[in-house]
Structure formats: C-alpha cells, structure tokens
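Below is one structure; the comments refer to it alone.
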Amino acid sequence: MPITTTISIILKDNSKKEIPSGSTGLDLAKAISNSLAKKSVGLLLNNELRDLVTVLKDNDKIEIITQEDPRSYEFLRHSTAHILAEAVQNIFKGAKIAIGPVIEDGFYYDFEIPDHKLIPEDLLKIEKEMQRLIDEEQKFIKINIQDTDKQLQEFQLQGEKFKAELLNQYKNDNPTLYVLEDKSGKPVWNDLCRGPHIINSKQIKAFKLLSVSGAYWRADETKESLQRIYGTSWWSQEELDKYLKNLEEADKRDHRKLGRQLDLYSTHEETGPGLILWHPKLAFIRGQVEDYWKDLHGKNGYEFVYTPHIARTDLWNISGHNDFYKENMFYMTVDKQDYVLKPMNCPFHVLIFNSRRHSYRELPVRFAELGTVYRYERSGVMHGLARVRGFTQDDAHIFCRRDQYVEEIKGVIKLVDIIYKQFGLEYTAELSTKPKDAIGGKEIWDFAEAGLEQAIKEYGLEYKINPQDGAFYGPKIDFKLKDALGRIWQGATIQLDFNLPDRFKLQYIEKDGSQQQPVMIHRAIYGALERFAAIIIEHFAGDFPLWLSYKQVIVLPITDRHLEYAKKVETVLKEKNIRAGIDDRAESLNAKIRDAEINKIPYMAIVGDKESNENNVSVRMRKKGDLGKISLDTFVEQLSKEIEQKLISL
RNA sequence: GCCGAAGUAGCUCAGUGGUAGAGCAACGGUUUUGUAAACCGUGGGUCGUCAGUUCAAAUCUGAUCUUCGGCUCCA
1 MPITTTISII LKDNSKKEIP SGSTGLDLAK AISNSLAKKS VGLLLNNELR DLVTVLKDND
61 KIEIITQEDP RSYEFLRHST AHILAEAVQN IFKGAKIAIG PVIEDGFYYD FEIPDHKLIP
121 EDLLKIEKEM QRLIDEEQKF IKINIQDTDK QLQEFQLQGE KFKAELLNQY KNDNPTLYVL
181 EDKSGKPVWN DLCRGPHIIN SKQIKAFKLL SVSGAYWRAD ETKESLQRIY GTSWWSQEEL
241 DKYLKNLEEA DKRDHRKLGR QLDLYSTHEE TGPGLILWHP KLAFIRGQVE DYWKDLHGKN
301 GYEFVYTPHI ARTDLWNISG HNDFYKENMF YMTVDKQDYV LKPMNCPFHV LIFNSRRHSY
361 RELPVRFAEL GTVYRYERSG VMHGLARVRG FTQDDAHIFC RRDQYVEEIK GVIKLVDIIY
421 KQFGLEYTAE LSTKPKDAIG GKEIWDFAEA GLEQAIKEYG LEYKINPQDG AFYGPKIDFK
481 LKDALGRIWQ GATIQLDFNL PDRFKLQYIE KDGSQQQPVM IHRAIYGALE RFAAIIIEHF
541 AGDFPLWLSY KQVIVLPITD RHLEYAKKVE TVLKEKNIRA GIDDRAESLN AKIRDAEINK
601 IPYMAIVGDK ESNENNVSVR MRKKGDLGKI SLDTFVEQLS KEIEQKLISL
C-alpha cells in the first residue's frame, strides 16, 4: 500500500484543501492564513466540537471556530473551569472535584471541600491563583485512557471518588483525560474530561468568579452536598466589562428592588412567604392588563366564569389532584369536612361544562377565568413576584371536538402572539411530547402531538421539540419569552388533557346522536399575573408605557402664581381620561422634576408665565428630557393617541 | 426542603461586649424657584422574634421567622 504524504480536508464551503498527513487543525489554519491561525480556537470536526490541535484524517470535514464564533466560548469557559478546579485544589488541599460544565455566559465547578466553607472572600484568593496558573501558560493535553482500571485505581488513591464514579460509568466510551502541563512539560493537574479545550491557559484573557452556592452530586439531594463556584470568562476585558455591566443593569431592573422603590407591592412576615400584597400602583397596572385581556378574550369567543377558592377533597379525588398533586396543596378541615384550597381552576370549569348536556353544535366552549390559586411551594424557591404561593392565572379551558382542536390551538397561538407583541416581548415556542409515565394510549398521544405540531406549523411559528417533557396527562406547547435584556422567562402554556375528560366523564352529543368525549385544552397566556407583573417590571425597567402607567402626567407649576393655570391643565387632562396630578409642593422646579423622574412618571407638563399666557405646556418626557413648548390641545391629542394605540417605547 | 449568607429608623447603610448613628424620606418653618436635590429645625429604632451566656448583648451562643445566592421543583 502506498504511503500518502498528504490528506484532503473538506472545508466549510465544501472546498478541499490538501495538507501533509499528521497535520492538526492548527496546522490547517496556518496553511490557510496566519491571521486565521491567530484567532482560531477549536474545530467543528465532522459535526463535533474538537480541540484545535486534533490530528486530522483524510476526508475530514472541518470548520475552524474562531473567537468571533459564539461556539468558541464553550472551549474558553470549559477550560477556565478546569483552571478554577486546579486553583481550588492548590489552595484547599483535600478538595475533591466533581463536574464543571459550561452554562450560559459562564461556567461552574462543583467541589467537595472538607473542613472549609467557601465564602465570597475566597473567590478573590482563588482568582489570584487562577491568574498565576494562566500566567504559567499551562498546556491542555488530551490523553486517551488506555487502562481504565489503572486510572480508576489512581482516582481512588487520590480520593477523587466523583471522577472514579464517572470513569466507571464511561469506561466503555473511550474516556479521555485532560492533563495540564506547565512550561517545562511537567504534568501538574488532570481531569477526566471529554473536552474540547483551548490549547494554552494564556488564551484566557478575562475571567471573573461570580458566586458560591450549594449543589448536590448528580443533582440528587440524597447524595453528597457540594460547593459550587460560578464564574464567567471572555476573550477580552472589554467583553467581560460589558457582561458585568449587563449584570448590573439587570440588577437595577430587579422587580423586587423596583417594587420597593416604586411602592408596587409588599410581602409580610405576618402573612407568610409567597403571598403578595398589591399596592395601588401595581394594582392599577394589573387592572389595565386584566381589562385588556378581558376585552381581547371577549372578542375571541371566550366566556367568563367565576369559581370558588376552596372545594371539598372529593372534587380533588375525582380530578386526581389529591393523588398526584398532594405535596402542593393546602388542606383544611371545616365542620369535619376536608377542604382544599384550589391549586388549579380546571376541575371547576369541568364541572360547569358537565352541569348540563352539550350538543356538538355548541362546541367549542371556552371558559375563561382570572382564577387565583394557591400552591405549596418549598420554602427556598420563592422569588419576589415571580415565584409565589398564591397567584392568579389567566386561565381558560376549551372543550371542543376532535375536528376543531387544531383550529382552537391556532386561535390560542394567535392570542399569545397579539398579547406578547402588545408588551414588546419576543418569544419562542417549545413542543413537549409524551413523557415516560403518561396516561392514555399511544394512539391518542400521537393524535394530540400531531395536532399541536400541525397548529404550530400552520401558524408559521418556529419551535423546538422537548422530547418526553409533556405533562403526564397530555402534550403541551410552552412559550418562552425574552425581555429587553434578552432574559428568558416561562410564559404561556397550551396543554392538552386526556385525564380530566376521562375522570369527569365529559361528553357531548354528536350529530349521529352518539355520546363523544370532547378534547380539553388548558391554556394561560400571561401565565400568572404575579409573574407577568415581574416580567414587565423588569422588561420596562419600571418605565411603563403610557397606557399602563398609574400616573401619566404630572403638572409642575413653577411658582404659586401658576397654580391656577396648572389646575386648569390638570382638569383638561382629566376630562380626557388622562391620569394627571399636580406637584404643588413648595419645592424648586428641579426638585419636582427629579422626583417625577425617580417615580418614573411618563410626562411632565411644566407651566410658568410663558405657558399660562399662551395656553401652552412645556413638555418633558421621562428619561428623554425637555421636548419644548406645545399647545395644551396638541398635548392632550398626542397623549390620547399614544394611550389609545397602547404604544410602547423601550 | 437542602447548602451557604443576611436581618439595625419608611429606604440605603455605618456601628465587634460598656448610654444606638448618618444620608435620603417624613413632619414644622423659611424660600416662589424655568428642565434631575433650596435652607434651617424636629420627631422617629425594646437593633426580626424567643431563649441562653455575662455585672453588662445590636455585638457571643442556640432555636425560630423572613429575605438573599444557588440546588431541586414550577405559572
């Protein structure tokens, strides 16, 4: 057989490149251009991320990943995590390493550190050690583990029980070890790892450790309790600074912080955790959000119902909640009868449907309710308005025929689209399919999943599939929404239910006189008003659009002699249903402006001599500053239009 | 629920065993102000709660409640 001295590589654009055999990805990059080699980080080799220094084979398909490619961060962060682990083991001698994966914008590493509890100050010490290791220009070397038993023994000898456990698990999958070598080529540290990694620690230009927290080995609370360090790393200090600034901005928008500053809501020890008291401003905003919802749903064929907050346990026995939802329910006993505080609205809506016979002609029936439910949440999970124990769902249940339900799903998707656009929120859809422990046969699941998929496709929505992530009672579409800072929140959900129609024996009379089971759809668009409030507070950073603002205009008289005209302006605005007020305090104009800005009031109408003589107002817009003088009539007209159109400006 | 941290005036925070502080807000007065803070004065806290150690506890210890960062779970 002839020995080939060159191999042929297929590049991203399907062109071919001949390089000497034994070349690595880095050699390939150099062969293309030196500037490319400088920016190169790793490879996409036959569709898998690999080290840049991987030796290439004939006919390999290669895409060189540079620092400009978002995928390059995976190499960087994963490698920074290794340096973190090395640093921690250098500082805390008995520390054992668990796992250290890349997460969005960063990485973490889990450790078991006997006799030491990490505190934030430790992070500085660890960062220093990491920098020292980075400056040592340590090389990442990949080694195939030939003798797993020997390696296993070594891990056990070192007390690296987590690595040993992992190696044992992966021993038949060609496990690899990454060894870090110092400049002299001496191995100084290693980790069982699939990679890929960067070549040299000096490529880590900007990193920061962010926080410490607890975690469990394999996310199992019965297993070892570990200490986790979170960090982030970037290709340049500028990138890191930008990221940290973004974190600060997110912190400023935190709805819990703004909730206090703007007097939006409170919780109290006396009421208990996760129970929200809505103050007037946020209650007003909620009212606007609810009115908009009612209007839209009324126009789209929904009928509104009200149902009680408690029901006898009997109801929850029939629905099955008392079995599968037990840990989340609040129970009480009255007159020796057991009651449950409702965790969901569906059983009530089902009872309304079942309270009389239905003809196929009446379907679909759509019952909607802003239903307040209570769920016991474990004490550590509460979070401001976003995760609470008592919350109001914008709930609705659709009962329809099999031949209707695709259209019904499309109708719900349309509402989701309209509503999210109204708030300037982007979203993505996810289709969750049959889980392992599901009720209902394959046939009905196939039918339901196909229908959901058809609806999404026909609507023209992009979506991804979450295999086996559906509810046990049916598949679902979840909507993840993205706020102004690009953060993802769980929003709307559309779920099919095969469970309740069965348990409550739901029926309607078909054309041929037979009794048929309707298809039942659960859906919520805001999700929960509490969480939605949290989302829009953070999305708008407290600067609510005019139609949502509790106070829309504050009139600022310059001196007392302008009070009379200021009152006139206020009256004119109020007559046009514009929510206006006057700041008549004996404060300087600057002070009044400052307070209005702090309270995030959208418009300030400043009135002095010039304005009162000409029936004008000087308009100042929140955050934008002085807009100049316009006539009072024009001002009213412009505001009315902005309110009418529910405009948003971010 | 679990791991870790925190709780001092309405808010933000200082105060490491010896008489509880600041700024802002509030209140009273003076100032009548042109696009992000006028000036003077006054009041306000059993230091989350309960127990313990001590001559003496905001400060040390324990329990408990709440909050925060995560884990797990979820609208």
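Note that our numbering gives residue 516 to position 516 of the first sequence, counting from 1, and the numbers run on in steps of one.
Glycine is no exception: its CB is placed at the ideal position from the N, C-alpha and C atoms.
Residue from His297, Gln337 and Tyr325 with nearest C-alpha to Ala311: Gln337
Cα-Cα separation, Phe532 to Gly542: 13 Å
Buried versus exposed, by CB contacts within 10 Å (16 or more), Lys623: Looking at its Cβ environment, which holds fewer than 16 other Cβ atoms inside 10 Å, Lys623 is exposed.
Reference His349; option with closest CA among Ser23, Phe504, Lys464 and Leu546: Comparing Cα-Cα distances from His349 to each of Ser23, Phe504, Lys464 and Leu546, the minimum goes to Phe504.
N- and C-terminal bounds of the alpha helix (DSSP H) containing Cys346: Cys346 to Asn354
Unbroken stretches of the beta strand (DSSP E), 3 residues or longer, contained in the stretch 164 to 213: Within the stretch 164 to 213, the runs of beta strand (DSSP E) that reach at least 3 residues and sit entirely inside it are, in chain order, 176 to 181 and 187 to 192.
Beta-ladder partner(s) of Trp234, from DSSP: Ala206
Completely contained alpha helix (DSSP H) runs for the stretch 425 to 472, where each covers 4 or more residues: Within the stretch 425 to 472, complete alpha helix (DSSP H) segments of at least 4 residues are found at 442 to 459, given in chain order.
Rounded C-alpha distance that separates Thr307 from Gly371: 8 Å
Leu481 beta carbon less than 7 Å from that of Leu425: yes
Contained beta strand (DSSP E) runs [length at least 3] in the stretch 354 to 379, N- to C-terminal order: 365 to 374
Selected residue, minimal CA-CA separation from Glu719, among Val102, Pro114, Ala98 and Phe107: This structure leaves residue 719 out entirely; the chain is present only between 1 and 650.
Backbone CA spacing between Leu556 and Ala566 [nearest angstrom]: 7 Å
Top-ranked residue by Cα proximity to Asn14, from Val619, His279, Lys61 and His255: Lys61
Lys125, enclosing alpha helix (DSSP H) - first and last residue: Pro120 to Asp135
Residues near Leu563 by beta carbon distance below 7 Å, same chain, minus five either side: Pro557 and Asp584
Top-ranked residue by Cα proximity to Leu385, from Lys257, Asp122, Tyr427 and His397: Lys257
Those runs of the beta strand (DSSP E) which lie wholly inside the stretch 464 to 528 and span at least 3 residues: Counting only runs of 3 or more, we get 476 to 482, 488 to 497 and 519 to 528.
Whether Trp547 touches Ile643 by CB criterion (7 Å): Cβ distance < 7 Å, so Trp547 and Ile643 count as in contact.
For Pro20, the first and last residue of its enclosing beta strand (DSSP E): Lys16 to Pro20
Val381 versus Glu327: straight-line alpha-carbon distance, rounded: 15 Å
Rounded C-alpha distance that separates Ala87 from Lys125: 9 Å
CA-to-CA distance, Gly274 to Ile494, given in whole angstroms: 25 Å
His383 - DSSP class collapsed to helix/strand/coil: strand
DSSP-derived helix/strand/coil call for Asn47: coil
Backbone secondary structure at Ile143 - three-state DSSP: DSSP places Ile143 in the strand class (E or B) of the three-state scheme.
Close Cβ partners of Leu282 (< 7 Å) along its chain, the five nearest in sequence each way excluded: Leu264, Tyr265 and Ala533
Per-residue burial, Leu52 [other beta carbons within 10 Å of its own, 16 or more giving buried]: Taking all protein chains shown into account, Leu52 has 16 or more neighbouring C-beta atoms within 10 Å of its C-beta and is therefore buried.
Range covered by the alpha helix (DSSP H) that runs through Gly259: His255 to Gln261
Neighbour-count burial assignment, Lys242, 16 or more Cβ in a 10 Å radius: exposed
Residue of Arg228, Ala484, Thr428 and Tyr178 minimising C-alpha distance to Phe540: Nearest C-alpha to Phe540: Ala484.
Where the alpha helix (DSSP H) containing Glu570 begins and where it ends: Glu570 -> alpha helix (DSSP H) spans Leu563 to Glu575.
Proximity below 7 Å, CB of Ile83 to CB of Leu133: Leu133 is positioned such that its CB atom lies closer than 7 Å to that of Ile83.
Within 7 Å, strictly: CB atoms of Gln151 and Ile145: yes
Check whether Ile521 and Ile398 have beta carbons under 7 Å apart: Contact: yes.
Gln638, DSSP secondary structure in three states: helix
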